[in-house]
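The sequence shown begins at 6 in the working numbering and counts up by one. First the structure, in the form of structure tokens, and then the observations on it.
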Amino acid sequence: MYPTDETIYLKKNDLDTPSLLVELDLMEKNMNRMAKFARECGVNLRPHVKTHKVPDIAKKQLAAGAKGVCLQKVSEAEAFAAHGIDDIFITNEIVGDQKYERLAKLADKIHLGVATDNAEVVKQMGKACRNEGSELDVYVDIDVGMHRCGVDPKRAASLAKEVSGEKNLILKGLMGYEGHVGSGKTKAERLRLANEAMRTVTEAKRSIERKGINVEVVSVGSSTSTWVTAKHPAVTEVQPGMYLFNDGGLVDNDVATLADCALTVLTTVMSKTSDDHAVVDAGSKAFQWDQGIFPRTRSPGVKMVKFSEEHGWLQLSGKGKGLRVGDRLEFIPQHCCTCINQHDELVGIRSGRVEKVWPVVARGKMK
Ligand SMILES: Cc1ncc(COP(=O)(O)O)c(C=O)c1O
6 MYPTDETIYL
16 KKNDLDTPSL
26 LVELDLMEKN
36 MNRMAKFARE
46 CGVNLRPHVK
56 THKVPDIAKK
66 QLAAGAKGVC
76 LQKVSEAEAF
86 AAHGIDDIFI
96 TNEIVGDQKY
106 ERLAKLADKI
116 HLGVATDNAE
126 VVKQMGKACR
136 NEGSELDVYV
146 DIDVGMHRCG
156 VDPKRAASLA
166 KEVSGEKNLI
176 LKGLMGYEGH
186 VGSGKTKAER
196 LRLANEAMRT
206 VTEAKRSIER
216 KGINVEVVSV
226 GSSTSTWVTA
236 KHPAVTEVQP
246 GMYLFNDGGL
256 VDNDVATLAD
266 CALTVLTTVM
276 SKTSDDHAVV
286 DAGSKAFQWD
296 QGIFPRTRSP
306 GVKMVKFSEE
316 HGWLQLSGKG
326 KGLRVGDRLE
336 FIPQHCCTCI
346 NQHDELVGIR
356 SGRVEKVWPV
366 VARGKMK
């Protein structure tokens with residue numbers, strides 16, 4: 006379904022289901038709140054737009070004050086660039102000859118940056134950019150405690166030196182993504198980990214500067230911890246993504262409430278065979294399942310307790326027992342990014358009516 010004159014007069018409950026919805030008033034509130042916070046902290050906001058994968062939404066974020074965007078994959082960056090986004094930081098390790106070539110080509114068209122934790126990759130990216138005649142910003146990726154990718158801070162200076170030695174690479178700065186400051190931890194533990202991560206990235210920055218190399222940008226920030234880490238003196242840029250919508254994970258991390266969640270999947274009750282059991286027409290195919298936690302609803306007495314691929318199993322109590330086949334229910338995904346990646350379209354709702362239908366342009370871009 007693409008927006009037409011008829012579509013924009015549709016009411017939310019006229020939509021076929023499952024449909025991925027975003028409440029535009031709430032999304033704009035979340036967007037402006039983070040933009041204002043970053044401004045007040047004196048840091049640039051470079052939102053992670055792999056969260057929504059929609060170039061038009063990125064343009065809204067840029068208009069609200071963001072300085073460029075982040076993505077994870079070369080193919081995502083190519084898709085956004087093709088839709089007019091011209092300042093992209095790929096906050097991920099990019100490895101492989103085809104990808105070096107594509108990076109170098111894209112860097113010729115837009116302002117492009119990439120993270121790295123490997124000296125051989127630096128050489129190969131340098132070579133590809135030399136061949137292409139393009140320049141690429143490079144950020145040394147520091148392991149600040151997540152233990153996913155990123156060099157030990159003690160090795161940051163030698164890697165920065167490798168980058169500086171490549172004619173077509175520009176050492177832009179450091180990335181210290183503190184994605185471990187999240188689920189399953191107490192508030193106090195999250196605060197401790199966030200501060201420790203910022204000490205680690207600061208240590209890495211100083212070690213590079215002692216070699217006489219300038220570190221212009223220190224880019225950090227998840228949607229859980231940006232509220233703390235943006236205030237750290239070494240930080241110049243934050244890169245949260247999910248703050249735009251909020252989701253079950255961010256509710257569990259105490260940085261949002263269910264009322265702040267802008268993204269839902271609209272479903273229809275497709276079966277009700279007993280008082281306390283019903284099934285909606287959306288299961289793992291519509292929500293994804295990477296967090297292993299079921300989506301929640303604001304409707305009373307309704308709890309999703311099991312997925313099949315196309316079925317969401319509901320346990321009903323109290324008011325929920327009154328549900329009937331054909332009733333509509335909205336569910337908030339546990340992880341907004343992976344849920345959006347399941348859908349072709351994102352429907353923008355304002356005051357109960359369809360205002361926008363965005364194709365999820367960078368959906369499924371894995372390479
Ligand atoms: C490197 C990096 N930066 C930023 C983000 C955005 O953080 P969040 O998803 O908490 O909004 C992610 C998300 O996975 C990430 O991997």
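Ideal placement from N, C-alpha and C gives every residue a C-beta, glycine not left out.
In terms of residues, what are the limits of the beta strand (DSSP E) holding residue i?
{"i": "K361", "result": "358-364"}
{"i": "E28", "result": "24-28"}
{"i": "S224", "result": "222-225"}
{"i": "V143", "result": "141-146"}
{"i": "M151", "result": "Note, M151: premise wrong, no beta strand (DSSP E); not H, not E."}
{"i": "I175", "result": "174-180"}
Would you grab the beta carbon distance between residue i and residue j for me? Rounded to a whole angstrom, and I think it's under 8 Å.
{"i": "I95", "j": "G73", "result": "So it is not a contact: roughly 11 Å between Cβ atoms."}
{"i": "K370", "j": "A63", "result": "Not quite, the Cβ-Cβ distance comes to about 14 Å (not below 8 Å), so this is no contact."}
{"i": "V222", "j": "A235", "result": "So it is not a contact: roughly 14 Å between Cβ atoms."}
{"i": "V126", "j": "K177", "result": "16 Å between Cβ atoms; not a contact."}
{"i": "A112", "j": "E140", "result": "6 Å"}
{"i": "Q347", "j": "K290", "result": "6 Å"}
{"i": "K252", "j": "L268", "result": "Per the sequence presented here, residue 252 reads as Asp, with Lys not at that position. Contact holds; Cβ gap of about 7 Å."}
{"i": "R329", "j": "K277", "result": "7 Å"}
{"i": "V260", "j": "S228", "result": "7 Å"}
{"i": "L15", "j": "R358", "result": "7 Å"}
{"i": "E171", "j": "G226", "result": "27 Å between Cβ atoms; not a contact."}
{"i": "K55", "j": "Q77", "result": "5 Å"}
{"i": "A86", "j": "K65", "result": "About 18 Å; that fails the 8 Å criterion."}
Measuring only the C-alpha atoms, how far is residue i from residue j?
{"i": "Q296", "j": "Q320", "result": "20 Å"}
{"i": "K326", "j": "E335", "result": "16 Å"}
{"i": "V149", "j": "G317", "result": "38 Å"}
{"i": "I90", "j": "P60", "result": "7 Å"}
{"i": "G138", "j": "D146", "result": "24 Å"}
{"i": "Q103", "j": "V168", "result": "20 Å"}
{"i": "A82", "j": "Y248", "result": "20 Å"}
{"i": "R333", "j": "S304", "result": "10 Å"}
{"i": "I218", "j": "L29", "result": "44 Å"}
{"i": "W294", "j": "V270", "result": "14 Å"}
{"i": "S322", "j": "P364", "result": "37 Å"}
{"i": "M39", "j": "C134", "result": "35 Å"}
{"i": "D157", "j": "S163", "result": "11 Å"}
{"i": "K210", "j": "S224", "result": "11 Å"}
{"i": "L179", "j": "K41", "result": "24 Å"}
{"i": "N37", "j": "D280", "result": "43 Å"}
{"i": "F250", "j": "V352", "result": "13 Å"}
{"i": "K58", "j": "E350", "result": "10 Å"}
{"i": "A283", "j": "W232", "result": "39 Å"}
{"i": "R204", "j": "N258", "result": "22 Å"}
{"i": "C75", "j": "L50", "result": "10 Å"}
{"i": "V220", "j": "P23", "result": "47 Å"}
{"i": "I337", "j": "K128", "result": "44 Å"}
{"i": "S80", "j": "G306", "result": "43 Å"}
{"i": "G47", "j": "G118", "result": "22 Å"}
{"i": "H53", "j": "K17", "result": "28 Å"}
{"i": "L373", "j": "E45", "result": "Outside the shown range of the chain (6 to 372) lies residue 373, about which nothing can therefore be said."}
{"i": "K308", "j": "K34", "result": "28 Å"}
{"i": "C342", "j": "C266", "result": "13 Å"}
{"i": "E208", "j": "L67", "result": "31 Å"}
What are the start and end residues of the alpha helix (DSSP H) that includes residue i?
{"i": "G253", "result": "253-257"}
{"i": "M203", "result": "192-214"}
{"i": "K166", "result": "161-169"}
{"i": "T234", "result": "231-234"}
Inset, instruction - Quick one: which unbroken beta strand (DSSP E) runs of 3-plus residues sit fully inside the segment 272-355? Chain order, please. - result: 282-285, 307-312, 317-321, 333-336, 350-355
Inset, instruction - Scan the segment 48-133 and note each continuous alpha helix (DSSP H) run of 4 residues or more that stays entirely inside, going in chain order. - result: 60-68, 79-87, 102-114
Legend entry - Around ligand 1, Cβ to any heavy atom closer than 5 Å, ordered along the chain: H53, T96, Y182, S227, S228, Q244, P245, G246, M247
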